[in-house]
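J.: Note that the working numbering numbers the sequence shown so that position 291 is 308, with each residue one more than the last.
Every residue gets a Cβ at the ideal spot worked out from N, C-alpha and C, and that includes glycine.
Supplied in structure tokens, the structure appears directly below.
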Amino acid sequence: MGPVAHGGHCVARHEGRVLFVRHALPGERVVAQVTEGCDGDRFLRADAVDVLSPSPDRVAPPCPLAGPGLCGGCDWQHASLAAQRRLKADVVREQLRRLARLDVEVVVEAVPGDDEGLGWRTRMQFAVGPDSKLGLRPHRSHQVLALTSCPIAHPGVEATGVTGQAWPGVRAVDVVVATTPGADPGERALVIAESASRKRPALPQVDAALAVTGVHGGLDQVRGRAFVQERVVVGDWQHDFRVSGSGFWQVHPGAPAALVGAVLAALRPQAGEQVLDLYAGAGLFTAALAHAVAPQGAVLAIESNPRAVRDARRNLRGLPGAGVSQGRVESVLAAMLPSGLSADLVVLDPPRTGAGRVVIEQICSLHPRAVAYVACDPAALARDVAYAAEHGYRLTGVRGFDLFPMTHHVECVALLEKTGSDLR
Ligand SMILES: C[S@@+](CC[C@H](N)C(=O)[O-])C[C@H]1O[C@@H](n2cnc3c(N)ncnc32)[C@H](O)[C@@H]1O
């Protein structure tokens with residue numbers, strides 16, 4: 018097996034063809050079974066179904082449903098946590114080298130206190146099988162693999178009792194576990210059933226607040242409150258956030274604090290500075306930065322999802338200088354740039370596709386002192402770093418965070434500055 022590529026598979030060659038092999042590790046000899054592709058395709062996908070010479074990094078997967086053809090949720094359970102983090106760093110480094118022509122040292126850090134990489138997923142989406150029982154889907158499959166527990170799920174997911182129930186008339190079930198649980202089950206977790214038809218399904222009893230979506234296209238509250246409350250503490254700063262329905266919130270319980278800490282450390286905001294928080298969600302970075310630049314500074318959050326904007330407005334109420342603008346980042350910036358928008362600092366946390374050329378050019382045209390780019394896809398990050406370089410912004414620091422242990426996913430916080438010292 019060759020190195021791990023972006024996407025988490027090992028790259029191998031067989032009779033002149035490229036194979037992307039899952040469930041393998043670099044340096045191993047395996048028997049690979051082709052799962053996708055045929056003669057004439059540029060590459061084939063395959064699973065390592067037998068390991069002939071195992072890597073020293075190989076371990077027994079903690080989950081009995083991890084492996085070829087089984088649950089598609091985790092793809093790296095067969096690697097030690099230390100190896101997972103090393104391989105993720107290799108992937109980030111390789112993407113920056115290939116797409117941004119940068120040779121950068123990258124370390125992927127554990128979330129503080131996460132020693133096992135298990136029990137961290139506070140947001141789960143279960144599929145519903147033909148028997149109405151909950152399960153997860155195998156990789157690139159429509160099948161549903163029934164399960165009663167998942168080792169990467171936060172213990173609060175199982176505590177709701179969703180997996181022991183039948184969900185007739187439901188297409189999918191989302192479980193959202195609050196990281197700052199209240200005493201009442203309705204405050205500890207929210208279960209959202211996605212109706213399979215226009216009819217509201219009869220829903221089972223669960224130990225959580227309950228809501229249903231898809232009936233009128235909106236979110237119908239069935240029992241309890243249709244949001245969770247999250248508390249983030251970084252140093253002597255703390256803030257409570259409300260997140261509605263299955264709206265975006267970092268999935269690992271330690272992720273919000275780790276990312277806020279990294280963004281603050283990278284940007285070093287000063288009192289009185291003007292800040293933009295792009296793709297702001299429920300206002301996580303906005304709140305922290307508003308505190309840091311108070312009392313004369315200001316932070317403008319830009320977010321397109323109306324429900325997230327409602328949450329952000331509520332979460333930022335009473336914070337002097339914090340404001341929210343609803344709309345797509347590229348449109349809001351295009352509308353505001355001609356009227357003299359200014360920013361000393363920018364934080365952006367776009368979805369997997371990244372910010373793209375237009376937004377990067379808009380940011381650079383503001384001449385911010387520093388830009389913190391929070392990225393869940395290292396390829397999109399590296400592409401955008403290259404766009405920023407065309408406008409004089411250099412990558413001066415990058416940290417990786419293991420926010421998704423047991424999977425190939427990795428989060429990065431990159432610092433871009435107009436001038437400055439060498440890479441830290
Ligand atoms: C990765 S989340 C980050 C949210 C927030 N920074 C956090 O950490 O909680 C990305 C957010 O961008 C929003 N979004 C996606 N595309 C957008 C766009 N073109 N313009 C504005 N917001 C967008 C999504 O609704 C989502 O809330």
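1) What ranges does the alpha helix (DSSP H) occupy inside the segment 301-357, keeping only unbroken runs of at least 4 residues that lie completely in it?
2) Check whether the Cβ of ALA325 sits closer than 7 Å to any heavy atom of ligand 1, and report yes or no.
3) Excluding the 5 residues preceding and the 5 following ARG242 in the sequence, name in chain order all residues of the same chain whose CB lies nearer than 7 Å to its CB.
4) Return yes when at least one heavy atom of ligand 1 lies under 7 Å from the C-beta of ALA283, else no.
5) On the DSSP letters alone, give me the boundaries of the beta strand (DSSP E) that ARG59 sits inside.
6) Between which two residues does the beta strand (DSSP E) holding ILE209 run?
7) Measuring only the C-alpha atoms, how far is PHE302 from GLY54?
8) Can you tell me which of VAL21, GLY271, ASP237 and LEU306 puts its alpha carbon nearest to the alpha carbon of HIS171?
9) Which of the three DSSP states is assigned to GLN142 in this structure?
10) At the level of alpha carbons, what is the spacing between ALA318 and ALA325?
11) Apart from the five residues on each side of it in sequence, which residues of its chain come closer than 7 Å, Cβ to Cβ, to CYS91?
12) So, at 7 Å on beta carbons, what are the nonlocal neighbours of VAL346 in its own chain, with the 5 sequence-adjacent residues on each side left out?
13) Would the beta-carbon of GLN255 be found less than 7 Å away from any heavy atom of ligand 1?
14) In the DSSP assignment, the beta strand (DSSP E) including CYS429 goes from what residue to what residue?
15) Pull up the distance between the alpha-carbon of TRP184 and that of ARG140, whole angstroms please.
16) Are VAL292 and ALA360 closer than 8 Å when you measure CB to CB?
17) Is TRP137 close to ligand 1? I mean its beta-carbon at under 7 Å from any heavy atom of the ligand.
18) Give the list of continuous alpha helix (DSSP H) stretches no shorter than 4 residues that lie fully inside the segment 156-192.
19) Does the distance between the C-beta of GLU194 and the nearest non-hydrogen atom of ligand 1 fall short of 7 Å?
20) Hey, out of SER382, GLY231 and THR180, whose CA is closest to SER149's CA?
21) At a threshold of 7 Å, does VAL346 count as lining ligand 1 (C-beta to nearest heavy atom)?
22) Between the segment 263-278 and the segment 331-349, do at least 3 Cβ pairs fall closer than 8 Å?
23) With a CB to CB cut of under 6 Å and the five nearest residues on each side skipped, what residues in its chain are close to GLY409?
24) Could you say if the segment 56-69 and the segment 98-109 meet the contact criterion of at least three C-beta pairs nearer than 8 Å?
25) Name the residue from ARG374, THR413, PRO367 and ARG400 whose alpha carbon lies nearest to the alpha carbon of ALA387.
T.: Based on what the coordinates show:
1) 301-310, 323-333 and 346-353
2) On the sequence shown, position 308 is the one that residue 325 refers to. Yes, the Cβ of ALA325 comes within 7 Å of a heavy atom of ligand 1.
3) Mapped onto the sequence shown, residue 242 falls at position 225. Excluding positions up to five away in sequence, the list reads GLY203 and ALA226.
4) Position 266 of the sequence shown holds residue 283. Every heavy atom of ligand 1 is 7 Å or more from the Cβ of ALA283, so no.
5) The residue labelled residue 59 in the question sits at position 42 within the sequence shown. That residue, ARG59, is in no beta strand (DSSP E); it is neither H nor E in DSSP.
6) What you label residue 209 is simply residue 192 of the sequence shown in a count that begins at 1. Counting along the chain, the beta strand (DSSP E) containing ILE209 begins and ends at 206-212.
7) Taking the sequence shown and counting its residues from 1, one reaches residue 302 at position 285. Taking the sequence shown and counting its residues from 1, one reaches residue 54 at position 37. C-alpha separation (whole angstroms): 43 Å.
8) On the sequence shown, position 154 is the one that residue 171 refers to. Closest by alpha carbon: GLY271.
9) Here residue 142 is taken as the residue at index 125 of the sequence shown, counted from 1. The answer is strand: DSSP assigns GLN142 an E or B state.
10) Taking the sequence shown and counting its residues from 1, one reaches residue 318 at position 301. Taking the sequence shown and counting its residues from 1, one reaches residue 325 at position 308. Roughly 11 Å separates the two Cα atoms.
11) Taking the sequence shown and counting its residues from 1, one reaches residue 91 at position 74. Within the same chain, CYS91 has close Cβ partners CYS80, ALA83, ILE169, MET423 and THR424.
12) As a first step, residue 346 is located in the sequence shown; it is residue number 329 there, counting from the start. Hits under 7 Å: LEU295, TYR296, ILE319 and VAL376.
13) Working through the sequence shown from its first residue, we reach residue 255 at position 238. GLN255 Cβ: outside cutoff for every heavy atom of ligand 1.
14) One-based indexing of the sequence shown puts residue 429 at position 412. Note, CYS429: beta strand (DSSP E), 428-434.
15) Along the sequence shown, read from residue 1 onward, the residue named residue 184 stands at position 167. Along the sequence shown, read from residue 1 onward, the residue named residue 140 stands at position 123. Answer to the nearest angstrom: the Cα atoms are 18 Å apart.
16) The residue given as residue 292 occupies position 275 in the sequence shown. The residue given as residue 360 occupies position 343 in the sequence shown. Yes, Cβ-Cβ distance for VAL292 and ALA360 is below 8 Å.
17) As a position in the sequence shown, residue 137 is number 120, starting the count at 1. No, since every heavy atom of ligand 1 falls outside the 7 Å radius drawn around the Cβ of TRP137.
18) 172-176
19) Your numbering for residue 194 matches position 177 in the sequence shown. The question names Glu, but residue 194 is Val in the sequence shown. No - ligand 1 has no heavy atom lying nearer than 7 Å to the Cβ of VAL194.
20) Along the sequence shown, one-based indexing puts residue 149 at 132. Residue THR180 is the option with its Cα nearest to SER149.
21) Start at 1 with the first residue of the sequence shown, and residue 346 comes out as number 329. Yes, since a heavy atom of ligand 1 falls inside the 7 Å radius drawn around the Cβ of VAL346.
22) no
23) Locating residue 409 in the sequence shown gives position 392, counting from the first residue. Only LYS435 meet the Cβ criterion.
24) no
25) Position 370 of the sequence shown, counted from the start, is the residue given in the question as residue 387. The residue with the shortest Cα to Cα distance from ALA387 is THR413.
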